[in-house]
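Counting from 1363, one number per residue, gives the positions in the sequence shown under the numbering used here.
Positions of the beta carbon are idealized from the N, C-alpha and C atoms, including for glycine.
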Amino acid sequence: MSSLKQQTANTIKWNTIDRVSSQLLYAVVGVLLANILSPEDFGLVGALLVFQAFAILFVDSGFGAALLQRKDPTEEDYSTVFWFNLAVSVAVYAVLFLCAPLIADIFQGDRRLIPLSKVMFLTFILNGLAIVQTNRLMKRMDVKQIAIANVIGLVVSGGIGIWLALTGYGPWALVWQSVTLAGVKSAWLWITGHWWPKAGFHLSSLKKIWRIGLSVFSSSALNTLCLNIYSFIIGAFYNLSALGYYTQADKWSKMGSASISQILTSSFVPLLSRVQDDSEAFSRYVTRINRFTAFILFPVMLGVATLGAPLFHTLFGHKWDAAIVLFQLLTVRGIFVVLISLYSNYLLCLGFGKRLFAVELVKDSLIIAAILATVGFNSVPILVWGQLIASLITYFLALAILCRATGFSPLRMIRDLLPSFGVTAIVCLAVALIFHFFPTFASGSLANAHLHGALLLTLGGIIGLCGYILLCRIFRLPELPEALAYLRRKSN
């Protein structure tokens, strides 16, 4: 058990290094590109991202998650999934290559989308080549090379994207940035992974993981549909500039939620899959994971939402002001996205494929209902408010599905979250009140917006961090000393 504990700690360390460094690089490149390119440039690429999300889903088909769930996948299992992913990725690229004119017709007939899509969709094949390499490393709880691949890929692709943007290539800068990132990451994992697929396709291997893979694919398909339907609606029925504002808000809001979800999935799914047959140990780990998640999730997401306006003004001046309220709403929604994903991972580790699909069906049905209820207002912020409310309702329904399947107490699951949520709510309210009485910078020049935004961001960040640590000590949250002890061990 001590070895497993050490593996888990090491995995968390490298996942954290990966996400922090990757998001830092992603943020730096994103800020520079957002200050160079126009909202319409981002809208053009945002339109393609709708189709890219579905294509990537089909390439993996849920088998990557199924390999993680299995206790002891064989070499035949890995090789079969690799050849399947490669065949599907090539087929999907060929279909979308031929459909490029139809994609342009959907988004106001903008013919610029045709050549952009034909290059952008090369990422399917490049990403498909790396799925099994990535899952093998995650299964062994050895994610160091994944972290290095992400960092190198972001550095190289970010440099190319910025250079193309500065030399006037517009949306092509974003397209080639994506293609380069996928290519560099895949190449590094193949060079360092020390694994090559065996020749041949084993249908028996596919059958072994088909049930879980199909469940994950089905739930992911619904999830992908509803996550991207907003971009589709805004791009098709509003305009590409409005889509650009939405995609920027969505991108920046997901930096926190996606990072936390990735760390939790990579760190804890392999761990929980090893104790899935020990109900007492599984329940004990669930409690600790719930509390650890809350300890990180609430201060990060609610803090970022509270600091949304000064954050955007620091980074962009007033250029992206229309995206600020969207960013704040989507960031708060990200809290429920992470928690629903966490509960889905519990179901996945225990093999409850049908319940996993039920969670996604409920979530996506509510999103569709929210769209139908809000689309008539012809307002992007109201559309996003609908997203937030739908996610809140989904959280409680997902909790009910999980508890019904596992026997966990709903009150216990909620009680695990309350201490960190309460402390965070107090701190964020205090920061918001300070901002209310601080001189506004809304009427300042662009230069002053950057400066005043940075001052408010620094002030709010210091108050928030110190206040959170102080209240955690006052209320004796055990996660704080555990986190500090872990950091001290790693620094020695």
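Nearest-angstrom beta carbon gap, Gly1713 and Ala1732 [assumed within contact, 8 Å]: With a beta-carbon spacing of about 31 Å, Ala1732 and Gly1713 fall beyond the 8 Å limit used to define contacts.
Straight-line gap, Ile1465 to Leu1475 (C-alpha atoms, nearest Å): Their backbone Cα atoms lie some 7 Å apart in a straight line.
Whole-number beta carbon distance between Thr1554 and Gln1507, since they are thought to touch under 8 Å: The pair is a contact, with the Cβ atoms about 5 Å apart (cut-off 8 Å).
Every unbroken alpha helix (DSSP H) inside the region 1708 to 1734 [4 residues or more]: Runs found: none.
Under 7 Å: does the beta carbon of Trp1550 sit that close to some heavy atom of the ligand SAH? Only the bare structure without any ligand can be found here, which leaves the ligand SAH out of the picture.
Reduced DSSP category for Thr1649 - H, G, I as helix; E, B as strand; rest coil: Of the three classes helix, strand and coil, the one that applies to Thr1649 here is helix, per DSSP.
Check this for me: beta carbons of Leu1685 and Ala1611, under 8 Å apart or not? It should be pointed out that residue 1685 corresponds to Ala in this sequence rather than to Leu. Going by beta carbons, Ala1685 and Ala1611 fall inside the 8 Å limit.
Leu1833 to Val1382 span [Cα, whole Å]: As the crow flies, the alpha-carbon of Leu1833 is around 25 Å from that of Val1382.
Through-space distance from Ile1487 to Phe1674, alpha-carbon basis: Straight-line spacing of the CA atoms in Phe1674 and Ile1487 works out to 35 Å.
Pick out whichever of Ser1782, Gln1385, Lys1725 has its Cα sitting closest to the Cα of Asn1512. In terms of CA proximity to Asn1512, Gln1385 leads the group Ser1782, Gln1385, Lys1725.
Using alpha carbons as the reference points, say which of Ala1561, Arg1835, Leu1399 lies closest to Phe1444. Ranking Ala1561, Arg1835, Leu1399 by Cα distance to Phe1444 puts Ala1561 first.
Given this structure, state the Cα-to-Cα distance separating Val1452 from Thr1485, to the nearest angstrom. Going from the Cα of Val1452 to the Cα of Thr1485 covers about 11 Å.
So, using beta-carbon positions, are Ser1615 and Gly1405 closer together than 8 Å? No, the Cβ-Cβ distance between Ser1615 and Gly1405 is not below 8 Å.
Sorted by chain position, which residues of the same chain lie with C-beta nearer than 6 Å to Met1663's C-beta, five sequence neighbours on each side aside? For Met1663, where only same-chain residues beyond five positions count, the Cβ hits under 6 Å are Gly1618, Thr1693, Gly1696, Ile1697.
Proximity of Ile1514 and Val1546 at Cβ, strictly below 8 Å: Closer than 8 Å, so yes.
Can at least three beta-carbon pairs, one atom from the region 1770 to 1786 and one from the region 1733 to 1744, be found at a separation below 8 Å? Between the region 1770 to 1786 and the region 1733 to 1744 there are fewer than three inter-stretch CB-CB distances shorter than 8 Å, so the stretches are not counted as touching.
Could you work out which residue in Ile1796, Glu1437, Gly1408, Thr1378 is closest to Trp1558 when comparing CA atoms only? Considering only alpha carbons, the answer is Glu1437.
Looking at Phe1783 and Ala1667, is the spacing between their C-beta atoms short of 8 Å? One thing to note: Ala1667 has its Cβ no nearer than 8 Å to the Cβ of Phe1783.
May I ask you to verify whether the region 1590 to 1606 touches the region 1393 to 1410, counting CB pairs closer than 8 Å and requiring at least 3? With the cut-off at 8 Å, the region 1590 to 1606 and the region 1393 to 1410 touch.
Cα-Cα separation between Asp1380 and Leu1734, rounded to whole angstroms: Between the C-alpha atoms of Asp1380 and Leu1734 there is a straight-line separation of about 39 Å.
Please list the terminal residues of the continuous alpha helix (DSSP H) segment that includes Tyr1600. In the DSSP assignment, Tyr1600 falls outside any alpha helix (DSSP H), carrying neither H nor E.
What three-state label does DSSP hand Lys1480 in the structure shown? Reduced to three states, the DSSP call for Lys1480 is helix.
So is His1798 buried or exposed if we call it buried at 16+ other beta carbons inside 10 Å? His1798 counts as exposed, since fewer than 16 other C-beta atoms from the protein chains shown sit within 10 angstroms of its C-beta.
Local Cβ density within 10 Å of Leu1478, reported as buried at 16 or more and exposed below that: Around the C-beta of Leu1478, 16 or more other C-beta atoms lie within 10 Å, and the residue is accordingly described as buried.
For a test of the three-state rule: what should DSSP assign to His1798, helix, strand or coil? Looking at His1798 - three-state DSSP - the assignment turns out to be helix.
Cβ neighbours of Ala1671 in the same chain (closer than 7 Å, five flanking residues each side left out): Taken in chain order, the residues that qualify are Ile1686.
Mind checking Cys1828: buried by the 16 CB within 10 Å criterion, or exposed? It counts as exposed.
Taking the alpha helix (DSSP H) that Cys1765 falls in, what are its first and last residues? Its alpha helix (DSSP H) spans residues 1742 to 1768.
With DSSP run on the structure shown, which of helix, strand or coil describes Thr1496? Correct three-state label for Thr1496: helix.
Count the other C-beta atoms from every protein chain shown that fall within 10 angstroms of the C-beta of Gly1597, then say buried if there are 16 or more, exposed otherwise. The Cβ neighbour count for Gly1597, taken over all protein chains shown within 10 Å, is at least 16; the residue is labelled buried.
Residues of its chain near Leu1808, where Cβ-Cβ distance is below 7 Å and the 5 sequence neighbours each way are ignored: Its pLDDT being 49, under 50, Leu1808 is placed unreliably in this model, and the coordinates cannot settle the point.
Return the chain-ordered list of same chain residues with a C-beta closer than 6 Å to the C-beta of Ser1805, the five sequence neighbours on each side being excluded. With a pLDDT of only 44 at Ser1805, under the threshold of 50, the placement of this residue in the model should not be trusted, and no figure is reported.
On a Cα-Cα basis, can you pick out the residue from Leu1813, Trp1534, Leu1395, Ile1591 that is closest to Leu1412? Per the sequence shown, the amino acid found at residue 1412 is Val instead of Leu. Ranking Leu1813, Trp1534, Leu1395, Ile1591 by Cα distance to Val1412 puts Ile1591 first.
Spatially closest choice to Ser1727 from Leu1701, Arg1835, Ile1755, by CA coordinates: Residue Ile1755 is the option with its Cα nearest to Ser1727.
Where does Val1457 land, buried or exposed, given buried means 16+ other C-beta within 10 angstroms? Val1457 should be labelled exposed.
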